[in-house]
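Protein chains: 2
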Amino acid sequence: MSTPIRPFRTDTDGRLWLLDQRRLPADEHWFELSTVEETARAIETMAVRGAPALACVAALGLARAARTFPDDPEAYAASFAAGLDRLRRTRPTAVNLFVALDEVAAADRSVPPDDVAARRSAAWGAARDHARRDLESCQAIGAHGAALMPDEGGVVTHCNAGALATAGHGTALGVIRSAVFAGKRLRVYADETRPVLQGARLTAWELARDGIDVTVICEGMAADLMRRGRIHAAIVGADRIVRNGDVANKIGTYALAIACRHHRIPFYVAAPWTTIDLAIPDGSEIPIERRADEEVTHVGPTRIVPEAVGVENPAFDVTPAELVTAIVTDRGVFRPDELDAHASEGSPSPGRTS
Amino acid sequence: MSTPIRPFRTDTDGRLWLLDQRRLPADEHWFELSTVEETARAIETMAVRGAPALACVAALGLARAARTFPDDPEAYAASFAAGLDRLRRTRPTAVNLFVALDEVAAADRSVPPDDVAARRSAAWGAARDHARRDLESCQAIGAHGAALMPDEGGVVTHCNAGALATAGHGTALGVIRSAVFAGKRLRVYADETRPVLQGARLTAWELARDGIDVTVICEGMAADLMRRGRIHAAIVGADRIVRNGDVANKIGTYALAIACRHHRIPFYVAAPWTTIDLAIPDGSEIPIERRADEEVTHVGPTRIVPEAVGVENPAFDVTPAELVTAIVTDRGVFRPDELDAHASEGSPSPGRTS
Chain A
1 MSTPIRPFRT DTDGRLWLLD QRRLPADEHW FELSTVEETA RAIETMAVRG
51 APALACVAAL GLARAARTFP DDPEAYAASF AAGLDRLRRT RPTAVNLFVA
101 LDEVAAADRS VPPDDVAARR SAAWGAARDH ARRDLESCQA IGAHGAALMP
151 DEGGVVTHCN AGALATAGHG TALGVIRSAV FAGKRLRVYA DETRPVLQGA
201 RLTAWELARD GIDVTVICEG MAADLMRRGR IHAAIVGADR IVRNGDVANK
251 IGTYALAIAC RHHRIPFYVA APWTTIDLAI PDGSEIPIER RADEEVTHVG
301 PTRIVPEAVG VENPAFDVTP AELVTAIVTD RGVFRPDELD AHASEGSPSP
351 GRTS
Chain B
1 MSTPIRPFRT DTDGRLWLLD QRRLPADEHW FELSTVEETA RAIETMAVRG
51 APALACVAAL GLARAARTFP DDPEAYAASF AAGLDRLRRT RPTAVNLFVA
101 LDEVAAADRS VPPDDVAARR SAAWGAARDH ARRDLESCQA IGAHGAALMP
151 DEGGVVTHCN AGALATAGHG TALGVIRSAV FAGKRLRVYA DETRPVLQGA
201 RLTAWELARD GIDVTVICEG MAADLMRRGR IHAAIVGADR IVRNGDVANK
251 IGTYALAIAC RHHRIPFYVA APWTTIDLAI PDGSEIPIER RADEEVTHVG
301 PTRIVPEAVG VENPAFDVTP AELVTAIVTD RGVFRPDELD AHASEGSPSP
351 GRTS
């Protein structure tokens with residue numbers, strides 16, 4: 001087993017480094033983020049992606065940039081507010097982004113406003129704490145979910161809900177990792193995940209690197225493999241889960257869930273509790289990002305759609321709760337309809353447990 | 001409206017020209033086929049693809065090559081048999097290939113074996129006749145199927161069952177063309193169709209060229225569009241339809257049919273009667289071609305799957321008859337379970353009507 005895979009690193013000098021996921025699997029290229037704008041562009045262009053990971057990077061990027069903000073308290077506050085605002089506008093669908101930035105903002109308010117050194121330190125501490133808790137959360141998700149995996153068999157996943165999408169270990173892939181590390185013999189089928197190919201490029205890369213059996217398939221092959229008895233479970237991540245248990249995740253997730261239902265194969269969603277947004281009653285109110293046409297029309301330098309022909313490119317879809325067998329969180333495994341009751345049982349507020 | 005789109009052309013000198021579909025949509029490049037091996041390679045590498053079109057090209061390619069075979073009757077017969085054998089081994093799934101080659105072989109046997117000039121002429125006539133009947137068949141499919149299309153709405157299709165996949169007009173796209181030409185207002189959603197991207201590259205190209213409203217989507221988006229009420233019917237082609245009504249077609253067709261069933265959207269298959277193989281009782285016995293890994297691992301020069309990670313690449317899947325609303329043929333529209341009875345009603349033998 002090689003070093004655990006992480007999508008970002010901080011060093012003892014308080015610098016922030018990002019693995020450029022746009023260049024995987026061809027190159028493993030790390031670059032430094034120092035400013036809010038660099039951080040925002042890295043998120044928007046998907047140098048880092050995955051709801052938990054981009055939330056960590058947004059929080060760390062803001063805290064890192066805070067060291068470059070003016071020393072004057074009022075000017076610092078203005079830069080901090082502008083940074084928060086810029087980062088909130090990077091991607092709309094994942095709720096984790098807003099949770100992580102709120103934590104950094106709360107830390108900022110928790111220290112005397114005139115003490116800019118303390119404010120910088122509080123922001124960095126809160127961002128690092130968010131990332132630490134995300135990693136612990138993934139490990140808890142893995143521990144809770146491993147029991148749901150077959151002792152031996154095929155598991156299909158979509159997009160990349162892995163170490164690269166979190167602070168490490170992964171959510172859906174965290175469950176797979178924990179199951180494999182516990183001795184289960186899984187063959188993972190990774191949907192290539194058009195248009196951005198996170199499955200082919202990222203899931204395949206990180207599972208192969210951990211020595212886990214992985215085969216890449218095109219989305220249209222999963223149902224055929226189910227029919228031929230080669231797939232025994234599906235597990236995916238989530239960008240936002242709402243009160244009734246509806247799940248927003250990478251486009252194509254819903255089609256996979258339908259195929260699972262048709263073949264009576266369990267369909268699991270793995271996500272930290274911070275992904276659950278109880279303020280939204282059902283999936284119809286989740287904002288869905290529409291991304292640039294070029295993601296569909298081109299692969300690398302190759303144009304695959306004729307010029308003048310339009311495309312659709314919603315980044316996410318909503319899988320209704322009734323197609324979800326169970327949701328694996330750091331607090332345990334729930335049926336989709338149990339989330340709301342669990343949240344109101346007086347348990348700790350979202351994201352503060354792991 | 002521009003000149004009708006055709007995937008191959010014969011000229012008055014008896015030469016055979018092929019539109020290189022591997023280079024679409026970037027280039028419209030035509031090249032000549034003179035030998036059996038050139039024809040076989042063009043089919044294997046998918047310079048021409050689509051069950052009806054590749055059958056026409058196989059038949060025409062054999063007949064064209066026959067002019068280069070020796071004048072000695074026995075040597076001619078040996079070359080002819082070797083050519084038949086080589087072309088039969090190009091692609092296993094589409095039944096049309098075998099039907100068309102059988103027709104050329106039957107024509108060869110219908111003239112005196114010592115009259116090589118007559119044999120050449122008979123082969124060429126039979127191949128041209130096959131292509132002419134294929135075009136007529138597509139026009140009949142279009143006429144029968146147009147009534148099934150909504151007067152206004154979204155229609156999803158998978159792969160390319162168009163003019164480029166036939167001698168012209170198309171099967172699934174023939175139905176769409178006939179409906180649009182009759183005044184129906186259709187918006188076509190073309191599944192890009194991984195891995196070879198026939199939908200993005202070919203369906204989009206030929207529909208746009210005919211002025212038909214077409215939008216390219218990734219496979220994983222179709223179910224989401226259905227859920228949002230944007231798709232009112234699906235229509236696809238077929239590589240082989242068997243006695244119980246099971247349908248082999250491009251990988252991903254089965255997943256689309258499941259999504260249609262889930263949303264109660266009609267799922268139609270359009271194919272010439274020659275695609276129906278009554279010798280096979282059900283889909284489990286259809287030979288499914290597995291194609292090269294590179295189709296999945298690369299798009300143009302870009303490697304999208306890490307080296308050392310395996311992939312699956314079945315070219316086709318089987319959609320069970322119970323998911324098929326109706327099959328549109330040149331003989332009319334049938335429920336899948338009506339095919340066998342219709343065939344045994346003493347109607348003309350397959351492929352001889354249009």
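Line by line, the protein sequences give chains A and B. With my numbering, the residue at position 65 of the first sequence is 65, and numbering never jumps. With my numbering, the residue at position 69 of the second sequence is 69, and numbering never jumps. Where is the CB? At the ideal position from N, CA and C, for every residue including glycine. These numbers were taken from a predicted model, which means no experiment stands behind them.
Interfacial residues, the stretch 57–70 of chain B to chain A, with Cβ spacing under 8 Å: Residues of the stretch 57–70 of chain B with a Cβ closer than 8 Å to any Cβ of chain A: none.
Candidates Leu323(B), Arg9(B) and Arg290(B), of which the one nearest Arg132(B) by Cα: Of the candidates Leu323(B), Arg9(B) and Arg290(B), the one whose C-alpha sits nearest the C-alpha of Arg132(B) is Arg9(B).
For Ala200(A) and Val216(A), believed in contact at Cβ under 8 Å, the rounded distance: Indeed they touch by this definition, with Cβ atoms about 5 Å apart.
Cα-Cα separation, Ile258(A) to Ala63(B): A direct Cα-Cα distance of roughly 48 Å separates Ile258(A) from Ala63(B).
Whole-angstrom distance between Leu19(A) and Arg67(A), CA atom to CA atom: Rounded to whole angstroms, Arg67(A) to Leu19(A) spans 22 Å at the Cα level.
Where Gly229(A) falls: helix, strand or coil (DSSP): Reduced to three states, the DSSP call for Gly229(A) is coil.
First through last residue of the beta strand (DSSP E) which encompasses Phe181(A): The continuous stretches of beta strand (DSSP E) do not include Phe181(A), which lies in the alpha helix (DSSP H) extending over residues Ala172 to Phe181.
Contacts that Trp409(A) makes with chain B (C-beta to C-beta distance below 7 Å): Here chain A comprises residues numbered 1 to 354, so residue 409(A) is not present and cannot be evaluated.
Bounding residues of the beta strand (DSSP E) (the contiguous stretch that carries Val48(A)): Run containing Val48(A): none; DSSP gives neither H nor E here.
N- and C-terminal bounds of the beta strand (DSSP E) containing Ile317(A): The residue asked about is misnamed: residue 317(A) is Asp in this sequence, not Ile. Boundaries of the beta strand (DSSP E) harbouring Asp317(A): Phe316 to Thr319, taken from the DSSP string.
Where Thr329(B) falls: helix, strand or coil (DSSP): Thr329(B): strand per DSSP, three-state reduction.
Completely contained beta strand (DSSP E) runs for the stretch 2–71 of chain A, where each covers 3 or more residues: Segments of the beta strand (DSSP E) lying fully in the stretch 2–71 of chain A: 8–10, 16–19 and 30–33.
Reference Asp134(A); option with closest CA among Asn96(A), Ala117(A), Val188(A) and Arg119(A): Out of Asn96(A), Ala117(A), Val188(A) and Arg119(A), Asn96(A) has the C-alpha closest to the C-alpha of Asp134(A).
Nearest-angstrom beta carbon gap, Ala238(A) and Thr203(A) [assumed within contact, 8 Å]: Not really, about 15 Å apart at Cβ, beyond 8 Å.
Other residues of its chain near Glu28(B): CB distance less than 8 Å, five sequence neighbours each side excluded: In the same chain as Glu28(B), and ignoring 5 residues on each side of it, the C-beta atoms closer than 8 Å to its own belong to Leu19, in chain order.
Where the beta strand (DSSP E) containing Asn249(A) begins and where it ends: It spans Val247 to Lys250 - the beta strand (DSSP E) in which Asn249(A) sits, taken as one unbroken run.
Proximal residues of chain B, C-beta to C-beta of Glu219(A) below 9 Å: For a Cβ distance threshold of 9 Å, residue set Arg194, Cys218, Glu219, Gly220, Gly252 and Ala255 of chain B lies close to Glu219(A), ordered along the chain.
Range of the contiguous beta strand (DSSP E) that encloses Ala190(A): Following the DSSP letters along the chain, one finds Ala190(A) inside the beta strand (DSSP E) bounded by residues Arg185 to Asp191.
Limits of the unbroken beta strand (DSSP E) element including Val214(A): For Val214(A), the uninterrupted beta strand (DSSP E) segment begins and ends at Val214 to Ile217.
Cut-off 6 Å between Cβ atoms - residues of its own chain near Val111(B), not counting five sequence neighbours on either side: Sequence-distant partners of Val111(B) (beyond 5 residues in either direction) whose C-beta falls short of 6 Å from its own C-beta, in its chain, are Ala118, Arg119 and Ala122.
Contacting residues, own chain, Cβ-Cβ under 7 Å from Gly170(B) (five flanking each side not counted): Once the five neighbours on either side are set aside, the close Cβ partners of Gly170(B) are Cys138, Ala161, Gly162, Ala163 and Arg177.
Test item: CB-CB of His378(A) and Gly154(A) under 9 Å: Residue 378(A) lies beyond the residue range present for chain A, which begins at 1 and ends at 354; the question has no answer from this structure.
Within chain A, partners of Ile258(B) - CB distance below 7 Å: Here the neighbours are Ala223, Ile258, Ala259 and His262.
Residue-level contact to chain B via CB, Pro314(A), 9 Å cutoff: Closer than 9 Å: yes.
Start-to-end residues for the alpha helix (DSSP H) that takes in Thr297(B): Counted as a single uninterrupted DSSP element, the alpha helix (DSSP H) harbouring Thr297(B) occupies residues Glu294 to Thr297.
Ala74(A) classed as buried or exposed, judged by whether at least 16 other C-beta atoms fall within 10 angstroms: Before going on, a small fix: residue 74(A) reads as Glu here, not Ala. Exposed, because fewer than 16 other Cβ atoms sit within 10 Å of the Cβ of Glu74(A).
At least 3 beta-carbon pairs within less than 8 Å: the stretch 282–301 of chain B vs the stretch 327–346 of chain B: Result no; under three Cβ-Cβ pairs closer than 8 Å.
Beta-carbon proximity list for Gly145(A), same chain, < 6 Å, skipping 5 on both sides: Taking Gly145(A) as the centre and dropping the five residues before and after it, the same chain places the C-beta of Val175, Ala270 and Val328 closer than 6 Å to its C-beta, in chain order.
Minimum Cβ-Cβ distance from Met1(A) to chain B less than 9 Å: In this predicted model, Met1(A) has a pLDDT of only 47, less than 50, meaning its place in the structure is not dependable; the value taken from the coordinates is given anyway. The beta carbon of Met1(A) sits no closer than 9 Å to any beta carbon of chain B.
Among His263(B), Thr253(B), Arg240(B) and Ala279(B), nearest to Gln198(B) - alpha-carbon criterion: It is Thr253(B).
Between the CA atoms of Leu54(B) and Glu192(B) - distance to the nearest angstrom: Looking at the two C-alpha atoms, the distance is approximately 21 Å.
Assigned exposure category for Gly50(A) - 16 Cβ within 10 Å defines buried: Result: buried.
Buried/exposed call for Gly211(A), threshold 16 Cβ in 10 Å: So Gly211(A) counts as exposed.
Alpha carbon of Ala47(B) to alpha carbon of Pro7(B), nearest angstrom: Looking at the two C-alpha atoms, the distance is approximately 9 Å.
Pro195(B) vs Cys218(A) beta-carbon contact at 9 Å: Yes. Within cutoff.
Rounded Cβ spacing between Ala248(A) and Thr93(A) (contact assumed at less than 8 Å): Beta-carbon to beta-carbon, Ala248(A) and Thr93(A) are separated by about 6 Å, close enough to satisfy the 8 Å threshold.
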